[in-house]
Amino acid sequence: MKPAAPASFLRRSPSSPPPRISAFTLIELLTVIAIIGILAAILIPTVSKVRKSARLGKATSNIRQLQVGNILLATENRGQYVAPMLANGTWWYQQTSYNRCLNFQGAKDDAARLNPVYRSTVADPPAGWPDFGYNRTGLSEAELATGYNQSRILNPSRRIAFMDALFTLIRIEDKDLYAGVEKRKNGLSFEPAYRHDGKALVAFWDAHVRLVPRAEAIATENADMWYPSR
1 MKPAAPASFL RRSPSSPPPR ISAFTLIELL TVIAIIGILA AILIPTVSKV RKSARLGKAT
61 SNIRQLQVGN ILLATENRGQ YVAPMLANGT WWYQQTSYNR CLNFQGAKDD AARLNPVYRS
121 TVADPPAGWP DFGYNRTGLS EAELATGYNQ SRILNPSRRI AFMDALFTLI RIEDKDLYAG
181 VEKRKNGLSF EPAYRHDGKA LVAFWDAHVR LVPRAEAIAT ENADMWYPSR
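Just so we're aligned: 156 in this note's numbering is position 156 of the sequence shown, and the numbers increase by one with no gaps anywhere.
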């Protein structure tokens, strides 16, 4: 049996340095935390902007599809666009012929809820109607069941067809009612929604889309943009 080493061999030599324990000092830890905080302050707004831009891009595509579908319907229907509301109370977004042009085959009562092209950027959209409104300016109550014909749209690239809205229709009389919340002023109002930093997505009758500032939409000199037949 090998004899045990003498106790003197087990003791550290007085000249030997103490063993070094590798660890963060408090200053180093605080420095790391500060760096992480700076990076987060830079990245979080950037990520938020990217997400906001993506949502706006999707909403832009959706409202464009609404008018592309409307044009397709008109080409199949002797120039007649989808009617804002039929005599039996069926809204434009519930009409089977129009939804077929949007590749939606579901029941009319499910269209607003299940057809994704009816959505803008609203986090909690209304349960009963789209986030976009169809322009009824210039139509009497009786004319809602007929709507507009292509032959009446004299300047399609400068006239509003669909717009961000708080209800399923919009009209010039209510162009400046939006109060910054996703709620109509009352049950008879048809206001657009300037929900994108004071701007609203607009699809014109030729199907091009752009953000229209509130100041532009409500300006008296721009009233013609609301009237499709002018």
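For every residue, glycine included, the Cβ atom is placed at its ideal position computed from N, Cα and C.
| request: Determine the DSSP secondary structure at N222, reduced to helix, strand or coil. | output: helix
| Are the beta-carbon atoms of V82 and G147 separated by less than 8 angstroms? | yes
| message | Using the three-state DSSP reduction, which class does I153 fall into: helix, strand or coil? | response | coil
| message | To test your reading of the DSSP string, which unbroken alpha helix (DSSP H) runs of 4 or more residues are found completely within the segment 99 to 165? | response | 111 to 114
| Where does L188 fall in DSSP's three states? | coil
| message | Y93 and P130 - do their beta-carbons sit closer together than 8 angstroms? | response | yes
| query | Tell me the DSSP bridge mates of A203? | reply | F162 and V209
| task | Kindly indicate which three-state DSSP category L169 falls into: helix, strand or coil? | result | strand
| said: Could you check whether P156 and D224 sit closer than 8 angstroms to each other, using their CB atoms as the reference points? | reply: no
| Minimum C-alpha distance to K52 - residue among N99, N115 and T121 | T121
| message | Comparing C-alpha positions only, which one of V181, G106 and N103 sits nearest to F167? | response | V181
| What is the rounded straight-line gap between the Cα of G187 and the Cα of L29? | 59 angstroms
| N135 to A142, Cα distance in whole Å? | 15 angstroms
| said: Among N88, R113 and V32, whose alpha-carbon lies nearest the alpha-carbon of A145? | reply: N88
| Just to confirm, are V117 and N62 a CB contact at a threshold of 8 angstroms? | yes
| For F132 and L66, believed in contact at Cβ under 8 angstroms, the rounded distance | 6 angstroms
| said: So for Q94, helix, strand or coil by DSSP? | reply: helix
| query | Taking Cβ to Cβ, would you say P228 is nearer than 8 angstroms to R152? | reply | yes
| request: Consult DSSP for F9 and reduce its assignment to one of helix, strand or coil. | output: Confidence is the limiting factor: at F9 the pLDDT is only 46, short of 50, which leaves the residue's position unreliable, though a coordinate-based value still follows. Correct three-state label for F9: helix.
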